[in-house]
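In the working numbering, the protein residues as written are 1 to 376.
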Amino acid sequence: SKMKMTADERNQKDKRPRRQSFQQGKMAINIAVIAAMALTSAALAFVVAVEAFRATDVPRHAQAPRGPPTRSSTAAAGPSSLFEQISLATSQASRRRLYHLVTASSKSDINDLHQRTSHNGSLESKTWTFRNKYPISYEVAKNIDTDGNDSVLETVPILLLNGFGVGSFHQHSLMQQILRLESKNEKQRYVIYGIDYLGQGRSWPENCDDGDSEDELGLGYSADTWLEQLKGFVGEIVIPLSSNKKVHLVGNSVGGYLATILAHRHPQLVESLTLMNATPVWGLNLPGWDGNLPPPKFPKLFGRLMFDVIRDVGIIDKYLEAAYVHREAFDGTHDDSFEGCSSDEGRGGQGLGAKIRACTEGKGGHAAFASILWSP
């Protein structure tokens, strides 16, 4: 018996180094995989974050095409279609002329549009329910009818799609630019929509708890989810009020990505498509999780760390400074709020960075960001 115990102990002693070696090797592989994922995710998240804030002004490195527009790209009589007018307003909001998109009659026309600041625009905040469960925040901007001709005008809907990390407040300057164009068209009434994607801006599940609540269970913040949301919104809210049952889509950054796919899949719903710094891809599709909440431990931890980095006020300011030519376009100097709009209360004169940060203060942001990173 004594000899047998000694042999067993010897056996265990021989196995211990092999087991330790195996565990150490496995740990080294896991660390290497995590490190590679972290580096890749950090680089891609940085690119995504920078792309997200490239709106309403031209990046420092971007240059307009040299020389005046050619005859083929301009119309002597000025913008003739709403697509051309939206393009012109877009170029004004970004302080550049898009010669390959815009049809402007002359430089004086462009200056005239930029200088005209008075309009009777109103902005209304509303809520729409997605999947019979999720409250979606959206805004409707239009000119106030002072002549009693509203019922005889053709209603033309325009849907503005945001970049990542912001809400429809990022579209207020462009909304006002487009509304000023309406005075040149006596037969049409423009109705402009801005919408917050689920998990962005003010559109969140009702009871968020870092991805663990019943309302968040099974939810994935992927491009497919947002496309489903947009199709439902266009079909239920926008199209019923449209005179020709179509909508003009204007997409910035990931909004351009979503608008392009929506137009491709449902061309019967789309009258025109305007892209502003559109993101060509979306979703990192990282291994180990499909992005549907609740997240596993590592994606949850990594998503939390990355989210806290990119939502830091100083980091946001650096992103915006790199993306905009003029600091006054995002530091609160330029007030683009609509007077009397409930969604603008407390926001007038507030810098864009502070508005973006405010979107991240809820209990669902960390899990949402992790889901975005891992979603296909």
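A virtual CB, placed ideally from N, CA and C, is assigned to each residue, including glycine.
Short Cβ contact (8 Å threshold) for residue i with residue j
| i | j | result |
| --- | --- | --- |
| Ser137 | Arg202 | yes |
| Pro299 | Gly288 | yes |
| Leu219 | Pro205 | yes |
| Val234 | Leu123 | no |
| Leu293 | Ala367 | yes |
| Tyr190 | Ser375 | no |
| Glu182 | Asn244 | no |
| Gly291 | Ser371 | yes |
| Thr260 | Arg311 | no |
| Asp196 | Lys363 | no |
| Ala263 | Leu275 | no |
| Phe338 | Gly167 | no |
Burial state of residue i, where buried means 16 or more other Cβ atoms lie within 10 Å
| i | result |
| --- | --- |
| Gly346 | Reliability of the predicted coordinates at Gly346 is poor, the pLDDT of 44 falling under 50, and no value is obtained from them. |
| Gln171 | buried |
| Glu271 | buried |
| Leu373 | buried |
| Gln268 | exposed |
| Asp336 | buried |
| Leu273 | buried |
| Glu139 | buried |
| Ala322 | exposed |
Contact set for residue i: own chain, Cβ-Cβ below 8 Å, skip 5 residues either direction
| i | result |
| --- | --- |
| Tyr257 | Ala223, Gly251, Ala278, Thr279, Pro280, Val281, Trp282 |
| Ser242 | Thr155, Val156, Pro157 |
| Pro296 | Gly288, Trp289 |
| Lys133 | Pro205, Asp215 |
| Leu217 | Leu293, Pro294 |
| Glu236 | Trp128 |
Same chain, Cβ closer than 6 Å to residue i, neighbours up to 5 away in sequence not counted
| i | result |
| --- | --- |
| Asp331 | Gly351 |
| Met175 | Ala141, Ile192 |
| Gln229 | Phe130, Leu198 |
| Asp215 | Pro205, Glu206, Asn207 |
| Asp212 | Pro294 |
| Phe169 | Lys355 |
| His100 | Only weak support is given to the placement of His100: the predicted model assigns it a pLDDT of 28, under 50, and the value that follows is read from those uncertain coordinates. For His100, where only same-chain residues beyond five positions count, there are no Cβ hits under 6 Å. |
| Arg304 | His366 |
| Phe369 | Gly303, Phe307 |
Spatial neighbours of residue i in its chain, beta-carbon cut-off 7 Å, leaving aside the 5 residues before and after
| i | result |
| --- | --- |
| Glu328 | His334 |
| Gly365 | Phe307 |
| Gly255 | Leu161, Asn162, Gly163 |
| Thr127 | Pro135, Ile136, Ser137 |
| Gly232 | Phe130 |
| Gly353 | Val313, Ile316, Asp317, Leu320, Phe330 |
| Val238 | Pro157, Leu159, Tyr193, Val247 |
| Leu153 | Lys187, Gln188, Arg189 |
| Asp145 | none |
| Val309 | Ile315 |
| His266 | Lys231 |
| Thr225 | Leu198 |
Neighbour flag for residue i against chain B, beta carbons, 8 Å
| i | result |
| --- | --- |
| Leu269 | Judged by its chain identifiers, the structure shown contains no chain B, having just a single protein chain. |
Span of the alpha helix (DSSP H) around residue i
| i | result |
| --- | --- |
| Glu228 | 223-233 |
| Gln176 | 172-181 |
| Trp374 | 365-374 |
| Thr260 | 254-265 |
| Phe302 | 297-310 |
| Val313 | 313-323 |
| Lys245 | Neither: Lys245 is in no alpha helix (DSSP H) and is coded neither H nor E. |
| Leu352 | 352-358 |
Element boundaries [beta strand (DSSP E), containing residue i]
| i | result |
| --- | --- |
| Val270 | 270-276 |
| Gly194 | 188-195 |
| Gly121 | 121-130 |
| Lys142 | 134-143 |
| Leu219 | It is not in any beta strand (DSSP E) - Leu219 carries neither H nor E in the DSSP assignment. |
| Leu377 | This structure cannot settle anything about residue 377, because the visible part of the chain is limited to 1 through 376. |
Beta-carbon separation (whole angstroms), residue i vs residue j, contact threshold 8 Å
| i | j | result |
| --- | --- | --- |
| Gln177 | Val156 | Not quite, the Cβ-Cβ distance comes to about 15 Å (not below 8 Å), so this is no contact. |
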